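Here the protein sequences line up with chains Z and W, keeping their order.
Heads up: the first sequence begins at 835 in my numbering, then just goes up one per residue.
Heads up: the second sequence begins at 835 in my numbering, then just goes up one per residue.
Note that CB positions come from ideal geometry on N, CA and C, so glycine has one too.
From a predicted model like this one, the values you see are computed outputs, not experimental measurements.
Structure first, commentary second.
Number of protein chains: 2
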Amino acid sequence: MTTILGVDPGLTRLGVGVINHGPGRSVSLVHVDVYRTPPADEPAARVGALFRQLEKALDEFAPDIVALERVFAQHNVRTVMGTAQISGVVLALAHARSIPVSLRTPSEVKAAVTGYGRASKAQVGTMVKSILGLDEIPQPADAADALALAITEAWRGLGPQASAPEAGATPAQQAWRAAEAKARQPRLKG
Amino acid sequence: MTTILGVDPGLTRLGVGVINHGPGRSVSLVHVDVYRTPPADEPAARVGALFRQLEKALDEFAPDIVALERVFAQHNVRTVMGTAQISGVVLALAHARSIPVSLRTPSEVKAAVTGYGRASKAQVGTMVKSILGLDEIPQPADAADALALAITEAWRGLGPQASAPEAGATPAQQAWRAAEAKARQPRLKG
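Structure follows, in structure tokens:
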């Protein structure tokens, strides 16, 4: 079994979703939370507070992999800098713990959980609820998005950005290596 | 005496400049370095490596304040995300050590060290060499820029972003408070 921690980065609201990934497509909820910092606080205090909370989450849930939303400079220019700052903190904290980080685009996540790359927030939330067998759609959207990132990671495997040595491999080579790795893997857990 | 650590953030080259600030405008070089990461490496490895080097520098030089270049989303869209990620790491590491971070714009730095907000890199380098009494202009430009950030901080005091409670004060109020603070300050050191 693999534990995956998804992060929907942001300064005002940061979503964290932890799932366990069993055999095949089976996934289950471990934890979900949204960390908030007041926009009126100074940047260092906001980033610092989220740093401590992320550190705590990584130590508590000890994920095998972190799935992080890839941030683009083109979107939401006003909020993108804070989002990128937090992404840097996630990358640094995960790397310090030797946890691989997989970067996923929003459209990739939407496609993975709803089958449609331009799905709405509501559709993503509904599918997250259904996939994880929850009673309610996780709220706010940042919580559902963090879980959707983790589910995407479970179903699609390690993203291209995190697996740099594989970057030059063709899909067939990648499939071969994955099959090889699977054959070598002891099936003691899960 | 105050120790100031300036950071010119970047993924490919990150400048770190440390100075001591004595009475008045007297400043002296303590340390200057440029950390590099290979563009071919994965983002987490690059951010992670800089995280460790920054951590080491903060612990070694124990600055009283960090002066960090303020990053704008408008400029250099291709490199701005990595720069913002590193800024987040600097903010988080400084905050964890209770070191205030002052954010300075490039034009503010240019104006402080050359008297002209649109000065060239070469002019900034020349002034840094002259102000700190160095034999050579620090190379590459990231090294000179990090020192220029530290000098700006020394001469202009804590930047507006770092001193959130002062944000609403008029320039006159700020000047009054600065004069008050100066009058109260015991002149035991420097």
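Going along chain Z in order, which residues have a C-beta closer than 7 Å to the C-beta of residue i?
i, result
"G882 of chain W", "L925, A926, H929 and A930"
"V943 of chain W", "Within 7 Å Cβ-Cβ: nothing; V943 of chain W doesn't reach chain Z, min ~18 Å."
Label residue i either buried or exposed according to how many other C-beta atoms from any shown protein chain fall within 10 Å of its C-beta, with 16 as the threshold for buried.
i, result
"P940 of chain Z", "buried"
"P972 of chain W", "buried"
"G1002 of chain Z", "Bear in mind that a pLDDT of 39 at G1002 of chain Z, under 50, signals an unreliable position, so the number given afterwards is only what the model happens to contain. Flag for G1002 of chain Z reads exposed."
"G951 of chain Z", "exposed"
"K944 of chain Z", "buried"
"G916 of chain W", "buried"
"L848 of chain W", "buried"
"G858 of chain W", "exposed"
"A956 of chain W", "exposed"
"G882 of chain W", "buried"
"E1000 of chain W", "The predicted position of E1000 of chain W is uncertain, since its pLDDT is 35 and thus under 50; a value taken from the coordinates is nonetheless stated next. Its Cβ having fewer than 16 others within 10 Å, E1000 of chain W is exposed."
For a test of your reading of the model: does the CB of residue i fall under 6 Å from any non-hydrogen atom of the ligand GTP? Yes or no.
i, result
"S964 of chain W", "Inclusion of the ligand GTP in the displayed structure is not the case, the ligand content being empty and no account of it being possible."
Compare the beta carbon distance of residue i and residue j with 7 Å and say whether it is the shorter of the two.
i, j, result
"E889 of chain Z", "P843 of chain Z", "no"
"T986 of chain W", "P897 of chain W", "no"
"Q919 of chain W", "S921 of chain Z", "yes"
"V864 of chain Z", "D976 of chain Z", "no"
"A978 of chain Z", "V958 of chain Z", "yes"
"V900 of chain Z", "V935 of chain Z", "yes"
"V841 of chain W", "V850 of chain W", "yes"
"F885 of chain W", "A926 of chain Z", "yes"
"L928 of chain W", "H929 of chain Z", "In the sequence on display, residue 928 of chain W carries Ala and not Leu. No, the Cβ-Cβ distance between A928 of chain W and H929 of chain Z is not below 7 Å."
Residues of chain Z with CB closer than 8 Å to the CB of residue i, please, in chain order.
i, result
"I920 of chain W", "G922"
Just to confirm my understanding: we take residue i, look at its own chain, exclude 5 residues before and 5 after, and list those with CB closer than 7 Å. What are they?
i, result
"H855 of chain W", "M835, T836, I838, V861 and A988"
"T846 of chain W", "R870, T871 and P873"
"A998 of chain W", "Residue placement at A998 of chain W is poorly supported in this model, since its pLDDT is 32, which falls under 50; the coordinates are not used for a value here."
"F906 of chain W", "none"
"R880 of chain Z", "L845 and T871"
"T960 of chain W", "I971"
Counting only Cβ pairs nearer than 8 Å, list the residues of chain W close to residue i.
i, result
"P877 of chain Z", "L925, V935, L937 and Q995"
Would you mind telling me which residues of chain Z sit closer than 9 Å to residue i, beta carbon to beta carbon, in chain order?
i, result
"F895 of chain W", "Chain Z residues near F895 of chain W: none, gap ~18 Å exceeds 9 Å."
To which residues of the same chain is residue i closer than 8 Å at the C-beta, ignoring the five residues directly before and after it?
i, result
"V962 of chain W", "V947, L968, I971, P972, A978, L981, A982 and I985"
Return the chain-ordered list of same chain residues with a C-beta closer than 6 Å to the C-beta of residue i, the five sequence neighbours on each side being excluded.
i, result
"L966 of chain W", "L863"
"A891 of chain Z", "V850"
"Q887 of chain W", "Y869"
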